[in-house]
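Under this note's numbering, the first residue of the first sequence is numbered 95, with each subsequent residue one higher.
In this text, a Cβ means the ideal position worked out from N, Cα and C, and glycines have one as well.
If you're wondering where the values come from, they're calculated on a predicted model, not measured in any experiment.
Data first, discussion second: the structure below is written as structure tokens.
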Amino acid sequence: MKEYDHSKIEKKWQKEWEKEKLYRVEDKVKGKENYFTLVEFTYPSGNLHVGHWYAFSVPDIFARFQRMRGYNSLYPMGFDAFGLPAENAAIKLGADPKVWTFEQMDKMRTQLRSMGAMFDWEREIVSCEPEYYKWTQWMFNKFLEHDLVYRAATKVNWCPKDQTILANEQVVDGCCERCGAPVEQRDQEQWMLRITKYADRLIDDLDKLDWPEEIKAAQRNWIGRSEGSEISFRITFSASSSLRPSPSERDPRELGIEKTNPSIKIFTTRADTIFGATYLVLAPEHPLVGELLGRIENKSEVEKYISDTKKKSELDRQQSKEKTGVELKGVKAINPANNEEIPVWIADYVLSGYGTGAIMAVPAHDERDSEFAKKYSLPVRRVVEPLFIKKGGSDGVKESLPLVERKAVVCVVEHWSENKFLCLAWKANDWKGFVVGGIEEGEDEIVAGEREAREETGYQNFDFIKKLDYKIHSQFYHEVKKQNRYAHFEVLYFKLKDGERKDLAEEENKLHDVVWIERDKVDSYVSADEDMQFIWEAFTNPKPFIGEGILVNSGKYDGMLSVEAKEKITKAVGGKMVKTYRLRDWGISRQRYWGCPIPIVYDPAGKAHPVPEEHLPWLLPSDVDHTPSGVAPFAKSKELFARTEKIFGKGWKPEVETMDTFVDSSWYFYRYLDPKNGKTFAGEEERKAWMPIDLYMGGAEHTTMHLLYSRFWVKAMHDLGLVDEDEAYVIRRNRGLILGPDGNKMSKSKGNVINPDEIVERLGADTVRLYLAFIGPYGVTVNYPWDPNGVVGVRRFLERVWRLQTKLDLQKNKCRTDSLLHKTIKGVGEDIGLFKFNTAIAKMMIFLNALEKEEKVGIHSFRNLLALLAPFAPHMTEELWRELGEKQSIHLSPWPEYDEALTHDEKVKIAVQVNSRVRAEIAVSAGESEEEVKQKAMAEPVLAKYVKGVKIKKIVYIPGRLINIVI
RNA sequence: GCUGGGAUGGCGGAAUUGGUAUACGCGCUAGUUUUAGGAACUAGUGCCGCAAGGCUUGAGGGUUCGAGUCCCUCUCCCAGCACCA
95 MKEYDHSKIE KKWQKEWEKE KLYRVEDKVK GKENYFTLVE FTYPSGNLHV
145 GHWYAFSVPD IFARFQRMRG YNSLYPMGFD AFGLPAENAA IKLGADPKVW
195 TFEQMDKMRT QLRSMGAMFD WEREIVSCEP EYYKWTQWMF NKFLEHDLVY
245 RAATKVNWCP KDQTILANEQ VVDGCCERCG APVEQRDQEQ WMLRITKYAD
295 RLIDDLDKLD WPEEIKAAQR NWIGRSEGSE ISFRITFSAS SSLRPSPSER
345 DPRELGIEKT NPSIKIFTTR ADTIFGATYL VLAPEHPLVG ELLGRIENKS
395 EVEKYISDTK KKSELDRQQS KEKTGVELKG VKAINPANNE EIPVWIADYV
445 LSGYGTGAIM AVPAHDERDS EFAKKYSLPV RRVVEPLFIK KGGSDGVKES
495 LPLVERKAVV CVVEHWSENK FLCLAWKAND WKGFVVGGIE EGEDEIVAGE
545 REAREETGYQ NFDFIKKLDY KIHSQFYHEV KKQNRYAHFE VLYFKLKDGE
595 RKDLAEEENK LHDVVWIERD KVDSYVSADE DMQFIWEAFT NPKPFIGEGI
645 LVNSGKYDGM LSVEAKEKIT KAVGGKMVKT YRLRDWGISR QRYWGCPIPI
695 VYDPAGKAHP VPEEHLPWLL PSDVDHTPSG VAPFAKSKEL FARTEKIFGK
745 GWKPEVETMD TFVDSSWYFY RYLDPKNGKT FAGEEERKAW MPIDLYMGGA
795 EHTTMHLLYS RFWVKAMHDL GLVDEDEAYV IRRNRGLILG PDGNKMSKSK
845 GNVINPDEIV ERLGADTVRL YLAFIGPYGV TVNYPWDPNG VVGVRRFLER
895 VWRLQTKLDL QKNKCRTDSL LHKTIKGVGE DIGLFKFNTA IAKMMIFLNA
945 LEKEEKVGIH SFRNLLALLA PFAPHMTEEL WRELGEKQSI HLSPWPEYDE
995 ALTHDEKVKI AVQVNSRVRA EIAVSAGESE EEVKQKAMAE PVLAKYVKGV
1045 KIKKIVYIPG RLINIVI
């Protein structure tokens, strides 16, 4: 037997496969269905790390499996080659980003080849090549044509280190996602993509995708749809204002002032609380503030606040949660619900970019408004009272019964000397709460409360302390009275004077026990009951009531439910129901060199025109100084300006910005299908053959960037009739991270970086592939530490497979282990289909363990094992396969088949349990009847001491698993 | 705070979806081989206990003949979003 020389074997077969064009994929193969497995194409950093191996070599197992199963399986690779690192390297080394990038790509191709993956290199794509970016530009122009691209001045995120604008998605915790520098806010014009137009579809279509919930939730979250109302508040100017426009503006509607006076449009999701709106707040950047400035009495104060806000960076603003603001003195707003005059403030807790940049503040029902109102002593008016509707369980309202309304009291009673509270434990339905009772017609609530407390507890002398200044409402089923109740509770707080107590009526004693509960245990004691818990909180930890409920202090809307009132009130005050999104349009302008040039030229009047298709690709200039100067590098390119004038005429100027690299990656997968097409981005036939992508495996970091952008891109392409599908990725699975052996993220500074090249050299690519597949289930966002011993373990496994050669019996086609063989074939296939490569490998190990115990190994077992292992360890299995005399590659052989009948053992061991505890084990053959098994079980000697002379209640028999004797 | 995902030996992880918890691998222990070494081989290895036996899937409760798995309450960890009206 030759030694297992991984190095020699791997190099040999990589060369051979290339020569044979083994991994070339045609668009159509007769009798085969296409299957497209995609992984994110790579940035050519020039150094392939363990993360790349995990990202590319493990999905390769799946793609190879699909291929052996008879699919025409495509698994392509390419380079996402534009981007800042190349430019930064160029600045540092004084090189050309292009030269640098192509050098790195060469290095990476060599490293990628060492994986032994089934990449079809003839389909390789490179996003920085003119043949590629021509189509990026072409699509940009199509989008422009259809109003999906526009130029606008907006507040932009500026990274001072990278000297460029960033999209909102590229700002993480107020810092640049790439370099970590704190991001500044600037006003600047840039090219925008109308992704917000697709906000609803981007949310709604998530439902039809087989994607992990974590991505769906994060995208929904990011898009941030919220449904609410837009309501206008008219503005008026107070009597003390020196610029008071008219003496009788008290009733502005009469005077038609709304036509001349500005109004403030606010966004709220809680129109039902409008009667509690006691002031308005504008974002400091709100355009109306500027307009009103002339009529504001404390102008300088307001201006100072605005400029202070501007000075704050995104980071500062996120960090300081202490609310600040300034009143716009002399300006008032009219609450359209009750015509009340309310003050107008500016404060930076209101964001200009969300909703309308203005809110109505309802301090009684909003935590932030409450905090602000407290600080500046603004009025608070409660307009919603809580309503609890019990559903299900013993106290849930019964559908069939009518609701009986009752005035009622809840009494929280404190002990006279100890720190304890009086609670009742009801016997009929296990309900635990405070003293509760009805108020008689015309009875005072405090009197009623004392009366109920006496009746239910026997205690006699109460001091009334305080009362909750609002009611709480509750719908429940009254177990004792057999009635659906709709109770309106007054909530009272008493302190017991002394321990004087009369005996309870027998009736009351039957109903409930009286118990004293310590202060800090009350919350958990009453926790089964939402409203009791709410009451306790209301006394011990008063907070604004945020929830929905029943309206009060709201004129004719009193008694209405919040849900209903939202729409009714909005309509009544002339507002409208709207949807608002957190998502902003996608700004793609980058003030850098190494990106796709934006194919726009400006005429002498400064108007923008797209570069016509015949001039695409609109090439990157080559005469550029990369030293950062705060100006886009293109601006200094003589070549680009000359080219523009030559083609378009004198005075015409080029756009000097490049595109965000996320544009390049929004459509890259189409180019794999037809990488050399000069007429279009991808031919129709090729697209029809491969799209949509069956499986997309990638990193979790792309959730709200690449994956969101490319979903938008494909939907836009779909709407323009350029592609058939409006979602590109049918199944998406996120992968986790490989951590250093110490459990931390690999980093040079921590010194825990594993260099895959070194391990490939020492143990082989097959071992690395197998180890990464074995480390844990794939396609879930779980991080696994690299275990240097673990790699050796799988290497050991490969060596043991290798050694099996010496035990082969070339005649033998039937073995004792055949049942296990068929089980293994079945199990490995199923596991790979679920991306559980770890258990697939475990099953092969179990099979190997069994084979090693045999004197001789049948040739059929060995051949099947090699085929199962082929996607995992393509080189070694190929070597062993050919050693058997095969002329054709193992990777062209079909996936092994199994016989279902053989996957079941003839005899199985089942557990014999007594009261669910395992006491014995018996062997049972498939044909045995339940009665036979029972008798066999009872005959087990160890059972005697358990079952002798005891009555057997029942026997549970689960064929193939256990028999349970219940005594 | 909201949303999503988690918690099983010393470690990575298994568990036919309600049926013998801890498969497989690592590590560890003992032995074999070897001049030696271990990236070799063999056996053992959840915890407590001499044993019989008992205990064990973050904590507590429930349903069930039977719960890692289902239901309720809670704790902690990871990720995304967060003054979003």
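What's the call for His240, buried or exposed, on a 16-neighbour Cβ count within 10 Å?
Position 146 of the first sequence, counted from the first residue, corresponds to residue 240. Exposed, since its Cβ has fewer than 16 Cβ neighbours within 10 Å.
Take the Cβ of Glu348 as the centre, count every other Cβ of all protein chains shown within 10 Å, and call the residue buried at 16 or more, exposed below.
By 1-based counting over the first sequence, the position of residue 348 is 254. Residue confidence for Glu348 is low, a pLDDT of 40 falling below 50, so the modelled location carries little weight; the figure read from the coordinates is stated next. Per the 10 Å Cβ criterion, exposed.
Using alpha carbons as the reference points, say which of Asp623, Trp510 and Trp229 lies closest to Thr774.
To locate residue 774, count along the first sequence from 1; it is residue 680. Checked all of Asp623, Trp510 and Trp229; the closest Cα to Thr774 is Trp229.
Can you have a look at Leu986 and say buried or exposed, based on whether 16 or more other CB atoms are within 10 angstroms of its CB?
In the first sequence, residue 986 corresponds to position 892, counting from 1. So Leu986 counts as exposed.
Residues that Thr248 bridges to, as DSSP identifies them:
In the first sequence, the residue the question calls residue 248 occupies position 154. Gln282.
Determine contact between the region 828-836 and the region 782-800, defined as no fewer than three beta-carbon pairs at a distance below 8 Å.
yes
Pull up the distance between the alpha-carbon of Arg158 and that of Leu116, whole angstroms please.
The residue labelled residue 158 in the question sits at position 64 within the first sequence. The residue labelled residue 116 in the question sits at position 22 within the first sequence. Cα to Cα, Arg158 sits roughly 12 Å from Leu116.
In this structure, does DSSP put Trp439 in helix, strand or coil?
Walking along the first sequence from the start, residue 439 turns up at place 345. If DSSP states are grouped into helix, strand and coil, Trp439 belongs with the strands.
In chain order, what residues of the same chain have a beta carbon less than 6 Å from the beta carbon of Ala246, not counting five sequence neighbours either side?
In the first sequence, counting from the first residue as 1, residue 246 sits at position 152. Cβ neighbours of Ala246 beyond the five flanking positions: Met286.
Less than 8 Å separating the beta-carbons of Leu767 and Pro224?
As a working note, residue 767 is residue 673 in the first sequence. As a working note, residue 224 is residue 130 in the first sequence. No; because the gap between Cβ atoms is not below 8 Å, this pair is not in contact.
Where Val89 falls: helix, strand or coil (DSSP):
It is not possible to answer for residue 89, since the shown part of the chain is limited to 95 through 1061.
Secondary structure, beta strand (DSSP E): runs of 3+ residues fully inside the region 516-578
529-532, 556-561 and 566-572
Can you tell me which of Arg863, Val895 and Arg890 puts its alpha carbon nearest to the alpha carbon of Phe931?
As a working note, residue 931 is residue 837 in the first sequence. Per the Cα distances, Arg863.
Tell me, to the nearest whole angstrom, how far the beta carbon of Glu508 is from that of Leu590; I am working on the premise that it is less than 8 Å.
Your numbering for residue 508 matches position 414 in the first sequence. Your numbering for residue 590 matches position 496 in the first sequence. About 7 Å separates the two Cβ atoms, so the contact holds.
Specify, as a first and last residue, the run of the beta strand (DSSP E) that Val507 falls within.
Looking up residue 507 in the first sequence gives position 413. Residues Leu497 to Glu508.
What is the rounded straight-line gap between the Cα of Ala822 and the Cα of Tyr129?
Taking the first residue of the first sequence as position 1, residue 822 is located at position 728. Taking the first residue of the first sequence as position 1, residue 129 is located at position 35. Cα to Cα, Ala822 sits roughly 14 Å from Tyr129.
Assign Asn513 to one of two classes, buried (16 or more other C-beta atoms within 10 Å of its C-beta) or exposed (fewer than that).
Stepping through the first sequence from its first residue, residue 513 is reached at position 419. Asn513 is exposed by the Cβ-count criterion.
Close-in-space but distant-in-sequence residues of the same chain around Glu594 (CB under 8 Å, 5 per side omitted)
By 1-based counting over the first sequence, the position of residue 594 is 500. Once the five neighbours on either side are set aside, the close Cβ partners of Glu594 are Tyr553, Gln554 and Asn555.
Expressed to the nearest angstrom, what Euclidean distance is found between the alpha-carbon atoms of Ser394 and Leu387?
The residue labelled residue 394 in the question sits at position 300 within the first sequence. The residue labelled residue 387 in the question sits at position 293 within the first sequence. Spanning the alpha carbons of Ser394 and Leu387 requires a straight line of approximately 9 Å.
If we ignore side chains and look at the alpha-carbon of each, how far apart do Cys270 and Ile848 end up?
Taking the first sequence and counting its residues from 1, one reaches residue 270 at position 176. Taking the first sequence and counting its residues from 1, one reaches residue 848 at position 754. In a straight line, the C-alpha of Cys270 is about 27 Å away from that of Ile848.
Secondary structure of Thr774, DSSP reduced to three states:
In the first sequence, the residue the question calls residue 774 occupies position 680. Correct three-state label for Thr774: coil.
Which residues mark the beginning and the end of the beta strand (DSSP E) in which Tyr762 is found?
Position 668 of the first sequence, counting from 1, holds the residue named residue 762. Looking at the DSSP string, Tyr762 is not in any beta strand (DSSP E); the run it does join, the alpha helix (DSSP H), is Tyr762 to Leu767.
Say whether the region 999-1013 touches the region 1031-1048, bearing in mind that this needs 3 or more beta-carbon pairs closer than 8 Å, one atom from each stretch.
yes
Cα-Cα separation between Asn578 and Asp489, rounded to whole angstroms:
The sequence position of residue 578 within the first sequence is 484, counting from 1. The sequence position of residue 489 within the first sequence is 395, counting from 1. Cα to Cα, the separation comes out at about 9 Å.
By Cβ distance below 8 Å, which residues in the same chain neighbour Val876 in space, the five residues on each side in sequence not counted?
In the first sequence, the residue the question calls residue 876 occupies position 782. These residues qualify, in order along the chain: Gly830 and Gly870.
Using 8 Å as the Cβ pair cut-off and three pairs as the minimum, do the region 850-864 and the region 957-972 touch?
yes
C-beta contact flag for Ile309 and Arg737 at 8 Å:
Your numbering for residue 309 matches position 215 in the first sequence. Your numbering for residue 737 matches position 643 in the first sequence. Cβ distance not < 8 Å, so Ile309 and Arg737 don't count as in contact.
Buried/exposed call for Asn1058, threshold 16 Cβ in 10 Å
One-based indexing of the first sequence puts residue 1058 at position 964. Burial call: buried.
For Glu421, which residues of its own chain have a beta-carbon under 6 Å away from its beta-carbon, when the five flanking residues on both sides are left out?
For the purposes of this step, residue 421 is taken as the residue at position 327 of the first sequence. Excluding residues within five positions, the ones whose Cβ falls inside 6 Å are Pro437 and Trp439.
On a Cα-Cα basis, can you pick out the residue from Glu707, Ser983, Leu898 and Thr195 that is closest to Asn141?
The residue you call residue 141 lines up with position 47 of the first sequence. Asn141 has its Cα closest to that of Thr195, out of Glu707, Ser983, Leu898 and Thr195.
Determine, using beta carbons only, whether Glu550 and Glu602 come nearer to each other than 8 Å.
By one-based count along the first sequence, residue 550 stands at place 456. By one-based count along the first sequence, residue 602 stands at place 508. Cβ distance < 8 Å, so Glu550 and Glu602 count as in contact.
Can you look up Tyr1051 in the DSSP assignment and give me helix, strand or coil?
The count along the first sequence starts at 1 and reaches residue 1051 at position 957. Correct three-state label for Tyr1051: strand.
Proximity to Ile329 [Cα-Cα], best of Glu739, Glu110 and Ala427:
In the first sequence, the residue the question calls residue 329 occupies position 235. Of Glu739, Glu110 and Ala427, the residue nearest in Cα terms is Ala427.
Tell me the DSSP secondary structure of Val672 in three-state form.
The sequence position of residue 672 within the first sequence is 578, counting from 1. In this structure, Val672 counts as strand in the three-state DSSP scheme.
Is it buried or exposed for Ile1061, if we count other Cβ within 10 angstroms and need 16 for buried?
In the first sequence, residue 1061 corresponds to position 967, counting from 1. So Ile1061 counts as exposed.
Can at least three beta-carbon pairs, one atom from the region 722-736 and one from the region 757-767, be found at a separation below 8 Å?
Fewer than three Cβ pairs drawn from the region 722-736 and the region 757-767 lie within less than 8 Å of each other, which leaves the two stretches out of contact.
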